[in-house]
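Trainee:
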Amino acid sequence: MPPPTRPNAPRPRDATPSDDSHPRRWRTLAILTLAELLAMSLWFAASAVSAQYRVLWDLSASQVAWLTTVVQLGFVAGTAVSALLNLADLVPARRLFAGCAMLGAVANALTLTADGLPAALGWRFLTGVALAGVYPPAMKMISTWFRARRGLAVGTVVGALTVGKAFPYLIHAIPGVGITPVVLTASAGAVVAAGLVWLGYHDGPYPFPPRPFSWGLARDVVRSRPWRLATGGYLGHMFELYAAWTWLPVFIAASIALSDPGTGVPRESIASLIGFAALAIGGGGCIWGGVVADRRGRTWLVTVALAISGACAVLIGFTFGTSLWLVVPIALTWGFFVVADSAQFSVLVTESVPPHAVGTALTLQTSLGFLLTAVTIQLIPPLAAALGWRWAFAVLSLGPVFGIASIRRLIRLTTVKATLADPSASRPSVLG
Numbered sequence: 422m423p424p425p426t427r428p429n430a431p432r433p434r435d436a437t438p439s440d441d442s443h444p445r446r447w448r449t450l451a452i453l454t455l456a457e458l459l460a461m462s463l464w465f466a467a468s469a470v471s472a473q474y475r476v477l478w479d480l481s482a483s484q485v486a487w488l489t490t491v492v493q494l495g496f497v498a499g500t501a502v503s504a505l506l507n508l509a510d511l512v513p514a515r516r517l518f519a520g521c522a523m524l525g526a527v528a529n530a531l532t533l534t535a536d537g538l539p540a541a542l543g544w545r546f547l548t549g550v551a552l553a554g555v556y557p558p559a560m561k562m563i564s565t566w567f568r569a570r571r572g573l574a575v576g577t578v579v580g581a582l583t584v585g586k587a588f589p590y591l592i593h594a595i596p597g598v599g600i601t602p603v604v605l606t607a608s609a610g611a612v613v614a615a616g617l618v619w620l621g622y623h624d625g626p627y628p629f630p631p632r633p634f635s636w637g638l639a640r641d642v643v644r645s646r647p648w649r650l651a652t653g654g655y656l657g658h659m660f661e662l663y664a665a666w667t668w669l670p671v672f673i674a675a676s677i678a679l680s681d682p683g684t685g686v687p688r689e690s691i692a693s694l695i696g697f698a699a700l701a702i703g704g705g706g707c708i709w710g711g712v713v714a715d716r717r718g719r720t721w722l723v724t725v726a727l728a729i730s731g732a733c734a735v736l737i738g739f740t741f742g743t744s745l746w747l748v749v750p751i752a753l754t755w756g757f758f759v760v761a762d763s764a765q766f767s768v769l770v771t772e773s774v775p776p777h778a779v780g781t782a783l784t785l786q787t788s789l790g791f792l793l794t795a796v797t798i799q800l801i802p803p804l805a806a807a808l809g810w811r812w813a814f815a816v817l818s819l820g821p822v823f824g825i826a827s828i829r830r831l832i833r834l835t836t837v838k839a840t841l842a843d844p845s846a847s848r849p850s851v852l853g
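See below:
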């Protein structure tokens, strides 16, 4: 979750130049980008080899889904604990990131000691808890180094974590690679990430004031109509995102198996490679989204991204079992746009509440969003069994439809408020 920001807020004329003159900003961006890429490879380390786990432990499709779902639940638990204990303000960001990356590396590696699904789920849950100290802090850390180009900086880091989540699929694409190399490679990457941040990072010149979670503020936040509408857009986005990430590689593998029922090993490698590309291309989508949001406005960006990704959720089913020349372009387009708007929803939320309520608003938003992903991840296997892969993904388009409707209402609401406050204003701040 990106931290509270106002990338396009005007600067006083006598203010010093923004981050354009700071000599270490790009070095820090490079360090955090690489660290986030490596650490976030833990997220789908088990999902990438779910087919092997299914055979090894004789699992159903719904049981396999729990290898990802439990990470989502662990992340929600970790986010809630971090917010309630106010860890982001009590523990230096460098220590929090490095410590949680190491914890995640150990928990992920210990998955290999599991003799069945219950034990594996316990270690995957702990991995999700640890990632709550890696993902959100990184957004805040990089924002302390950037102002004028914060959209680009945050988009780059979100792009890196997107590629990182796809990385296990790239390792699995190597012929003959099984569970152990994929899991251990992800853990090794997280250890390197911890070292990079521990040795190479310190907070930048634009720190954020403490914004602790407060149960006392939660009711006020929920009563805020702008917050509800911004969060509605985010929930529509999350309804689609992680279910697409989790099951798109499986869809691709099943499609290839139907269209080319030949030898298994090359087919599995090709499917994993395409799955990696479909997820990793979202890294470019995040960077593009950050740049466009800074130039065209956040609500414009999220509306376009939701519309295109929702269309892809419907269209990709019609390519099932057909030529890869049809499957791959839609899969790549979906992967690009499904996450391109991710970083901007949190910014919209921060602008919908008073500054003292930002921490509470973001925590509630994150928790609701990731809880929803647990539902949709589990939803796809029974839909695929009942309706077939041709129609299973179509239900995910309901998320973008709901999200766009919510964002359009937010635009109308903020336009009315801006007009009442200043009749000469042509565009409310939430658009920029």
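Residues 422 to 853, numbered by my numbering, are exactly what the sequence shown covers, in order. Note that the Cβ used here is the ideal one computed from N, Cα and C, for glycine as well. Note that the structure is a prediction, hence the values are computed from the model and not measured.
(1) Sorted by chain position, which residues of the same chain lie with C-beta nearer than 7 Å to A728's C-beta, five sequence neighbours on each side aside?
(2) A855 to F814, Cα distance in whole Å?
(3) Evaluate W447 with the Cβ neighbour count: other Cβ atoms within 10 Å of its Cβ, from every protein chain shown; 16 or more gives buried, anything less gives exposed.
(4) Which residue marks the beginning of the alpha helix (DSSP H) containing H593, and which one marks its end?
(5) In this structure, how does DSSP classify G549 when only helix, strand and coil are distinguished?
(6) Confirm, please, whether the CB-CB distance from A607 to A734 is below 7 Å.
(7) Please state the DSSP three-state secondary structure of L480.
(8) Could you tell me the boundaries of the alpha helix (DSSP H) in which S608 lies?
(9) Under a three-way DSSP split, which group does V796 fall into?
(10) From A828 to V555, what distance separates their C-alpha atoms?
(11) Going by DSSP in three states, Y464 sits in which element: helix, strand or coil?
(12) So what's N529 in DSSP terms, helix, strand or just coil?
(13) Skipping 5 residues on each side, what residues in its chain have a beta carbon closer than 7 Å to that of A528?
(14) In its own chain, which residues sit with a C-beta less than 7 Å from the C-beta of S635, not counting the 5 before and 5 after it?
(15) Leaving out the 5 sequence neighbours to the left and right, which residues in its chain are closer than 6 Å to A519 when beta-carbon positions are compared?
(16) Reducing DSSP to helix, strand and coil, say where G820 ends up.
(17) When we look at the beta-carbon of V575 and count the other beta-carbons within 10 Å, is it buried (16 or more) or exposed?
(18) With the cut-off set at 7 Å, would you say T797 and A664 are in Cβ contact?
(19) Are three or more beta carbon pairs between the region 732 to 752 and the region 638 to 647 nearer than 8 Å?
(20) Given I702, which residues of its chain have a CB within under 7 Å of its CB, disregarding the five upstream and five downstream residues?
(21) Helix, strand or coil for D441, going by three-state DSSP, please let me know.
(22) Expressed to the nearest angstrom, what Euclidean distance is found between the alpha-carbon atoms of Y627 and I695?
(23) Select from V491, L505 and T565 the residue whose C-alpha is nearest the C-alpha of A514.
(24) How close, in whole Å, do the beta carbons of V603 and A469 come, if the pair is a contact with beta carbons under 8 Å?
(25) Are the CB atoms of G572 and G711 nearer to each other than 7 Å?
(26) Is it buried or exposed for A581, if we count other Cβ within 10 angstroms and need 16 for buried?
(27) Give the range of the alpha helix (DSSP H) segment to which S564 is assigned.
(28) Give the single residue among L669, R719 and W464 whose Cα lies nearest to the Cα of A530.
(29) Would you say T500 lies against chain B (beta-carbon separation less than 7 Å)?
(30) Distance check for T743 and Q765, CA to CA, integer angstroms please.
(31) Within a Cβ cutoff of 7 Å, which residues of the same chain sit near I592, ignoring the five residues on either side of it in sequence?
(32) Are F496 and A553 close, meaning C-beta to C-beta below 7 Å?
(33) Is S645 helix, strand or coil when you go by DSSP?
(34) CB-CB under 7 Å to A714, same chain, minus the five flanking residues each way: which ones, in chain order?
Mentor: Let me lay it out:
(1) P821 and I825
(2) In the structure as shown, the chain starts at 422 and stops at 853, and residue 855 therefore has no counterpart that could be examined.
(3) exposed
(4) R571 to H593
(5) helix
(6) no
(7) coil
(8) I600 to G621
(9) helix
(10) Here the sequence assigns Ile to residue 828, which means Ala is not the residue at that position. Looking at the two C-alpha atoms, the distance is approximately 29 Å.
(11) Tyr is not the amino acid found at residue 464; the sequence shown has Trp there. Coil at W464, not helix or strand.
(12) helix
(13) W544, L547, T548 and A551
(14) T781
(15) A615, V618 and W619
(16) helix
(17) buried
(18) yes
(19) no
(20) L753, G756 and F757
(21) With a pLDDT of 48 at D441, under the threshold of 50, the modelled position of that residue is not reliable, and the figure given next carries that caveat. Three-state DSSP puts D441 in a helix.
(22) 40 Å
(23) T565
(24) 6 Å
(25) yes
(26) buried
(27) Y556 to S564
(28) W464
(29) This model lacks chain B altogether; it includes just one protein chain.
(30) 35 Å
(31) V598, P602, V603 and T606
(32) yes
(33) coil
(34) G572, L722 and Q765
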